[in-house]
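Residue numbers (our numbering), protein chains in the order written: chain V, 1 to 424; chain P, 1 to 424. C-beta atoms are modelled at their ideal positions from N, C-alpha and C, and glycine is treated no differently. Small disclaimer: the values here were computed from a predicted structure and weren't measured.
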């Protein structure tokens, strides 16, 4: 069908891409949103799926459903392979798609700092499939320990190493310690899940480096109270099937989880603009690609420096703000204005949860930790969850978990490791 | 550790195995329950996971959690490879396990009547992993239709064939018709999900052959009212990637689901007793293996003929009754009694749901269909779901779905078809 409206193509249905689409709801454009998955994931709660606290549908919703009332959007489940900026075309596996404006929001994946072989050994957490792999590894480790008769081998199954003490690493460590100490103990007859060791390793000097130093220290204390061992200033030098090396020290651990590095989506490199070490695209102050005012790069794929010199952090609120900004710039350009409004990041505060009634929160100069921070975290996360049904189910799950220490999604499905045929 | 109590090994944590374990809760025995999965599945609602109505954790619970208060049970996640009835040992991948009493309850899987190559083309529904495959195929078919420009190819993605009109086939067909007609239409811009054809093919003369003829006819009418095309007396003669053949007729359909045949678990063949055509073990009237009063075979793995000549049906209530019976026989034998009490199946009635407010129910001479049968189905299924939390979440999901036609678990994860490495 022929349509005179400018065509806006959005690559990626994460927080940035969705915010851009919504900003253009009433604009005289037609939008095609392309994602290789059929769903949007509420990433801040992904660790809860990985640690069996929530089911996948509780934190994810089909992109079509989210956008069904916005009739100027067509959602396509497909994967962009690259961008031809001269021809203004997105390359798809079958054919290509012309655009007038392009918003690239394909995010980031794990980075193993040149040790790609670690990917299989130490899975990271970016997608629902990643969360299932982590859930399976954690739950199966306790099953292996129950089957194992040799005490040293059993303990190796009960030793967990988490690499990287940013928000994801801290959340995984706290949840894992709770599972071992509160959820599982009465269910095993031969092994004792309370003998699990959870070791959180961080190369930098402190946990939650994005927070104020005093809150980092509080978070560390709260982690240690949950039974997590924290080692800062320590880099992992080797990972194999049986454990990790920290400098000269060898730690036997059958389960290693990766929460250390991020690398931008490879699509960024196809745009022809300079990128930083992590592959993030260096954009102009209005988030457009240098020399291409019709292309915007937003979210974790972009690197933007604020006027005071600090980079915009790779968090959900920043991606949403960048998405809205790109949408506004597109509207301005269609209206014949220059539209090169510089992006300004408004820091809405930072939150990280550690465990039951333990969290840290920072809003400008206001710093909160412990129970109050945990309540703020809870309300904020339930509030921002997409879709009423999800919020209600998540609240039921959490209330139930709170009273019983039970985790509702302790179901092992699928398989990982070497490729196997389905059904084995 | 040494323990003078007789050792009862139960293979399989389905309805039969769990009922046997519970029947022995207060008996002077130690029990090892072995299952290759970590969870019990409430099979009657598996089709809801396959059709995106419920999340997996809503219908499954860890076996350890279910049995955690029964301290005479050790749960092992492992897979029995065979039984040495002379040595009284179960063969495991690593080593073997001695038993005094053995209860085999490993159930059934799909049967493709000699066409094993159909397994990849037309997935069946027995496990949660099967349900994910079916969910993925159904949801991706509509995504393919949206991407496809050629009208004939698009329609092939919107044609669905379900082979077998027993309870599972009828439930899948009804749910699929509802998804196409009510859940998806407003979400697609290029293709129209209402153009989906759902074809239910049955080789026998009527749908729901286990029910009274009048109810079969009512079920057929209710299916047709939902838009399902029903073809009875028709066998599928070929299946390939692009469709099926029914006799001389060719039907283009990219999605084919299998609900036709069951084959007993291969473990039955290792017991050395006669089996029927489907591989089910022919047991004595007290459910023990001929010549082995210490071995019981129950559930879908056993074939038992009732005094009036009809076989016990392969349904959850029958498996539960057989499990309790085997447990009682073990108790009697330990107490020095012969314990060869014949099993008597008490028919608690049959229920099958077809769709929104459409179901059939049969309790002896009482036959109900339509709205009342649907309410009975709803109450019975929520009541028998394991665990309070599941019931509540399922009720929330269903109430929400009822008002909105939304299905809460429309999340595509993983991949199927040819083996691929994880993460691709």
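Legend entry - Expected contact under 8 Å - CB spacing of residue 236/V and residue 312/V to nearest Å: Not quite, the Cβ-Cβ distance comes to about 28 Å (not below 8 Å), so this is no contact.
Legend entry - Proximity test, Cβ basis, 8 Å: residue 322/P and chain V: no
Inset, instruction - Tell me, please, whether the CB atom of residue 190/P is closer than 8 Å to any CB atom in chain V? - result: yes
Inset, instruction - With DSSP as the reference, label residue 58/P as helix, strand or coil. - result: helix
Inset, instruction - Look at residue 239/V and residue 121/V and say whether their C-beta atoms are less than 8 Å apart. - result: yes
Legend entry - residue 308/V, DSSP secondary structure in three states: coil
Inset, instruction - Using 10 angstroms around the beta-carbon of residue 42/V, count the other beta-carbons present and answer buried if the total reaches 16, otherwise exposed. - result: buried
Legend entry - Per-residue burial, residue 87/V [other beta carbons within 10 Å of its own, 16 or more giving buried]: exposed
Legend entry - CB of residue 339/V within 8 Å of CB of residue 332/V, strictly: yes
Legend entry - Exposure of residue 403/V, with buried meaning 16 or more beta-carbon neighbours within 10 Å: exposed
Legend entry - Cα-Cα separation between residue 400/P and residue 394/P, rounded to whole angstroms: 10 Å
Inset, instruction - Could you tell me which uninterrupted alpha helix (DSSP H) segments, each at least 4 residues in length, are contained entirely in the region 151 to 217 of chain V, listed from first to last along the chain? - result: 151 to 157 and 167 to 178
Legend entry - Residue environment, residue 358/P, which counts as buried when at least 16 other CB atoms sit within 10 Å: buried
Legend entry - Which listed residue (350/P, 370/P and 371/P) has its alpha carbon closest to that of residue 363/P: 350/P
Legend entry - Bridge partner(s) assigned by DSSP for residue 297/V: 104/V
Inset, instruction - Examine chain P for any beta-carbon lying closer than 8 Å to the beta-carbon of residue 150/V, and answer yes or no. - result: no
Legend entry - Beta-carbon proximity check, residue 264/P vs residue 280/P, cutoff 8 Å: yes
Inset, instruction - Compare the C-beta of residue 135/P against all C-beta atoms of chain V and say whether one is closer than 8 Å. - result: no
Inset, instruction - Measure the C-alpha to C-alpha separation of residue 344/V and residue 285/V and round it to an integer number of angstroms. - result: 9 Å
Legend entry - Inter-stretch contact (C-beta, 8 Å, three-pair minimum) for the region 99 to 106 of chain P and the region 5 to 15 of chain P: yes
Legend entry - Extent of the continuous beta strand (DSSP E) run through residue 35/P: 30 to 35
Legend entry - Cβ-Cβ separation, residue 303/P to residue 276/P (assumed contact under 8 Å), whole Å: 5 Å
Inset, instruction - Measure the Cβ-Cβ separation of residue 367/P and residue 167/P and say whether it is below 8 Å. - result: no
Legend entry - Where the beta strand (DSSP E) containing residue 229/P begins and where it ends: 228 to 232
Inset, instruction - Report buried or exposed for residue 23/V, applying the criterion of at least 16 other Cβ atoms within 10 angstroms of its Cβ. - result: buried
Inset, instruction - Would you list the one or two residues that DSSP bridges to residue 242/V? - result: In the DSSP output, where bridge partners are listed per residue, residue 242/V has none listed.
Inset, instruction - State the start and end residues of the unbroken beta strand (DSSP E) segment that holds residue 250/V. - result: 249 to 252
Inset, instruction - State yes or no: is the beta carbon of residue 412/P nearer than 8 Å to at least one beta carbon in chain V? - result: yes
Inset, instruction - Can you pull the chain P residues whose beta carbon is under 7 Å from the beta carbon of residue 57/V, in chain order? - result: 55, 408, 409 and 411
Legend entry - Straight-line gap, residue 130/P to residue 136/P (C-alpha atoms, nearest Å): 10 Å
Legend entry - Pick from 269/V, 38/V, 262/V and 328/V that is closest to residue 436/V, judged by C-alpha positions: Since the first and last residues shown for chain V are 1 and 424, residue 436/V lies out of range.
Inset, instruction - Enumerate in chain order the residues of its own chain whose CB-to-CB distance from residue 424/V is below 6 Å, with the five nearest sequence positions on each side excluded. - result: Note on residue 424/V: pLDDT 23, under 50, position unreliable in the model; no value is reported.
Legend entry - Separation of residue 159/P from residue 199/P, as counted between CA atoms: 8 Å
Legend entry - Interfacial residues, the region 10 to 41 of chain V to chain P, with Cβ spacing under 8 Å: 37, 38 and 39
Legend entry - Helix, strand or coil at residue 286/V according to DSSP, with G and I counted as helix: coil
Legend entry - Within-8 Å CB hit, residue 156/V to chain P: no
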